[in-house]
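Enquirer: The structure under discussion is supplied below as structure tokens; questions concerning it will follow.
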Amino acid sequence: MSESHTTTIVLAIAGTLLLLILIATFMFARKYRNHYRSSRLSEDETSPYELVTMDIVNSSEYNWGNLPALKLDGDFLTPIERLSNGKFYEIWEGVYKYEPVLIKGLIPRRKTKLYIQNFINTIKTMSTCHHPCILSVIGVAWSNPLDIQYVLEFMNMGSLRAVLEASATDSFAWHHKVNCILNVAEGLAYLHNRRLIHGAVNTKNILIDTVKESKLGNIGLSKEEVLGSISSGVWWMAPEMLVAGQYSSAIDIYALGMILVELDSHRKPSKPWHLTKATIDHIVQEETMSPRFSTMCPTWIQDLAMLCIARKPNHRPSAAVVVDIIRSKIDMII
């Protein structure tokens, strides 16, 4: 057998082996990828929808409303540090054109057609809210629907929850607290006048700034998103919402009352509950309906809190009435 013929046979065998290795590698990679995708889907028990992939994303499938007019140049937007990662969204501190901003986008497992459209709807709602006590939308950035995120004004002290955790009760003066809650009440009065329900009023969604004071964020959530996050916000959740999913502006007022309790104690709300009928009954009857106040808490604050957390929704004041009460009493705070 000639040397050239032997070389040809060796090369043919080597080529065949290489082809078999490539086929095996491809099959393994495909099996792993399918397993990974199915495991990602199984993690999201609340969503039966197939994950959107790049090959089926089509911008024309979504109702964008006014968002194209708010589109920012993504080349100037840089995320720096992730601040929170929730059930639906993640929030980053970032920079846009050399100015600090907040950036909000969907977490990976929520990038389905349904949740992308819900997110777009949220941005559309929030972008139309123009009030000094509500966090402003600077704009929206996306290259395709999967990576849509919106950019918010930056608040340099973070959330009210973070401020309370970092402060002693006697170092955060009541006149600052009252100004903070007045801003929140004014923001709610604006929303309710527009027939909008916040649905997730809590100290994590109130942002604080040394110059701009306090503003209400996370506007425009869908009812599904509010109900889906109920376990992490149970401290501020009205009884009718917990028991029957009743959704009205009165749930925002209840949350406002619970924030007044929180401002007095600085106590960190309970960890998320595994919501069963027994735990809901416990929360409604004991945890939220029997608040305790310190001797340092002004009496009128206690009275206002109890008014806001009345068991029956129609017994709670409107946000506009809360604003009037606070304004009439604010001079009593030294």
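Number 696 marks the last residue of the sequence shown (the working numbering); no jumps. All residues carry an ideal CB built from backbone N, CA and C; glycine is no exception. In this text, all values refer to a predicted model and were calculated from it rather than measured experimentally.
Let's see if you can read the secondary structure: which residues bound the alpha helix (DSSP H) around LYS475?
Expert: In the sequence shown, the residue the question calls residue 475 occupies position 113. Note, LYS475: alpha helix (DSSP H), 475-489.
Enquirer: Given this structure, state the Cα-to-Cα distance separating ASP626 from VAL596, to the nearest angstrom.
Expert: In the sequence shown, counting from the first residue as 1, residue 626 sits at position 264. In the sequence shown, counting from the first residue as 1, residue 596 sits at position 234. Rounded to the nearest angstrom, the two C-alpha atoms are 19 angstroms apart.
Enquirer: Find out if the Cβ-Cβ distance for the pair ILE442, ILE543 is shorter than 9 angstroms.
Expert: Here residue 442 corresponds to residue number 80 of the sequence shown, with the count starting at 1. Here residue 543 corresponds to residue number 181 of the sequence shown, with the count starting at 1. Cβ atoms of ILE442 and ILE543: not closer than 9 angstroms.
Enquirer: Leaving aside the five residues before and after PHE450 along the sequence, list all residues of the same chain whose C-beta is less than 6 angstroms from its C-beta, in chain order.
Expert: Within the sequence shown, residue 450 is the residue found at index 88, counting from 1. ARG472 and GLU587, listed in sequence order.
Enquirer: Check each candidate in LEU439, ASN555 and GLU624 and name the one with the smallest Cα separation from TRP504.
Expert: Counting from 1 along the sequence shown, the entry for residue 504 is found at position 142. Looking at the Cα atoms, LEU439 is the closest of the given residues.
Enquirer: So GLU342 packs on VAL685, CB below 8 angstroms; how close in whole Å?
Expert: Here the chain covers residues 363 to 696 and nothing more, so residue 342 does not appear.
Enquirer: Which class does VAL502 belong to by DSSP, given the choice of helix, strand or coil?
Expert: Along the sequence shown, read from residue 1 onward, the residue named residue 502 stands at position 140. VAL502: strand per DSSP, three-state reduction.
Enquirer: Could you tell me which residues DSSP pairs with GLN511 in its beta bridges?
Expert: Sequence index remark: in the sequence shown, residue 511 carries index 149 (1-based). Paired residue(s): GLY467 and ALA503.
Enquirer: Please look up how many angstroms separate the CB atoms of SER498 and LEU522, rounded, as I've assumed it's under 8 angstroms.
Expert: Taking the first residue of the sequence shown as 1, we reach residue 498 at position 136. Taking the first residue of the sequence shown as 1, we reach residue 522 at position 160. At roughly 18 angstroms, the Cβ-Cβ gap does not stay under 8 angstroms, so SER498 and LEU522 are not in contact.
Enquirer: CA-CA distance, LYS574 and PHE481?
Expert: Position 212 of the sequence shown, counted from the start, is the residue given in the question as residue 574. Position 119 of the sequence shown, counted from the start, is the residue given in the question as residue 481. Taking the straight line from one Cα to the other gives about 27 angstroms.
Enquirer: Tell me which residue opens and which closes the beta strand (DSSP E) that ASN456 is part of.
Expert: As a first step, residue 456 must be located in the sequence shown, where it is residue number 94. Here residue 456 turns out to be Gly, not Asn, going by the sequence shown. Unbroken beta strand (DSSP E) run through GLY456: 451-458.
Enquirer: According to DSSP, simplified to helix, strand and coil, what is GLY619?
Expert: For the purposes of this step, residue 619 is taken as residue 257 along the sequence shown, with counting starting at 1. In this structure, GLY619 counts as helix in the three-state DSSP scheme.
Enquirer: From PRO653 to PHE516, what does the alpha carbon distance come to, in whole angstroms?
Expert: In the sequence shown, the residue the question calls residue 653 occupies position 291. In the sequence shown, the residue the question calls residue 516 occupies position 154. Answer to the nearest angstrom: the Cα atoms are 33 angstroms apart.
Enquirer: Tell me, please, which residues DSSP counts as bridged to THR440.
Expert: The residue given as residue 440 occupies position 78 in the sequence shown. DSSP lists VAL457 as partners of THR440.
Enquirer: How about the segment 599-618 and the segment 552-568: do they share at least three Cβ pairs that are nearer than 8 angstroms?
Expert: Counting Cβ pairs under 8 angstroms, three or more are found: they touch.
Enquirer: What are the residues that DSSP puts in a beta bridge with GLY520?
Expert: Taking the first residue of the sequence shown as 1, we reach residue 520 at position 158. According to DSSP, GLY520 bridges with ILE570.
Enquirer: Is LEU604 helix, strand or coil by DSSP?
Expert: Looking up residue 604 in the sequence shown gives position 242. If DSSP states are grouped into helix, strand and coil, LEU604 belongs with the helices.
Enquirer: Alpha carbon to alpha carbon, how far is ILE581 from ILE485?
Expert: One-based indexing of the sequence shown puts residue 581 at position 219. One-based indexing of the sequence shown puts residue 485 at position 123. Distance between the alpha carbons of ILE581 and ILE485: 8 angstroms.
Enquirer: Starting from LEU497, follow the beta strand (DSSP E) in both directions and report where the run begins and ends.
Expert: Against the sequence shown, residue 497 aligns to sequence position 135. Note, LEU497: premise wrong, no beta strand (DSSP E); not H, not E.
Enquirer: From what residue to what residue does the alpha helix (DSSP H) around LYS691 run?
Expert: As a working note, residue 691 is residue 329 in the sequence shown. Run containing LYS691: 681-691, per the alpha helix (DSSP H) assignment.
Enquirer: Looking at ILE570 and MET488, is the spacing between their C-beta atoms short of 9 angstroms?
Expert: Taking the first residue of the sequence shown as 1, we reach residue 488 at position 126. Taking the first residue of the sequence shown as 1, we reach residue 570 at position 208. No, the Cβ-Cβ distance between MET488 and ILE570 is not below 9 angstroms.
Enquirer: Rounded to whole angstroms, what is the Cα-Cα separation between HIS493 and LEU583?
Expert: As a working mapping, residue 493 is identified with position 131 in the sequence shown. As a working mapping, residue 583 is identified with position 221 in the sequence shown. For HIS493 and LEU583, the distance between alpha carbons rounds to 18 angstroms.
Enquirer: Let me make sure I understand the geometry here. Which of ALA681, TRP662 and LEU669 has the alpha-carbon closest to that of MET694?
Expert: On the sequence shown, residue 694 is found 332 positions in, with the first residue counted as 1. Looking at the Cα atoms, TRP662 is the closest of the given residues.
Enquirer: Output the boundary residues of the alpha helix (DSSP H) element that contains LYS539.
Expert: Working through the sequence shown from its first residue, we reach residue 539 at position 177. 536-555 is the span of the alpha helix (DSSP H), which, as asked, contains LYS539.
Enquirer: Rounded to whole angstroms, what's the CA-CA distance from SER400 to LYS475? Just pull it up for me.
Expert: Position 38 of the sequence shown holds residue 400. Position 113 of the sequence shown holds residue 475. With a pLDDT of 39 at SER400, under the threshold of 50, the predicted position of this residue should be treated as unreliable, though the coordinate-derived value follows. Computed Cα separation, rounded: 17 angstroms.
Enquirer: Whose C-beta lies closer than 7 angstroms to the C-beta of ASN428 among residues of the same chain, with five residues either side of it excluded?
Expert: What you label residue 428 is simply residue 66 of the sequence shown in a count that begins at 1. Hits under 7 angstroms: LYS486 and SER489.
Enquirer: MET658: buried (16+ other C-beta within 10 angstroms of its C-beta) or exposed?
Expert: To locate residue 658, count along the sequence shown from 1; it is residue 296. Counting Cβ neighbours within 10 Å, MET658 comes out exposed, since fewer than 16 surround it.
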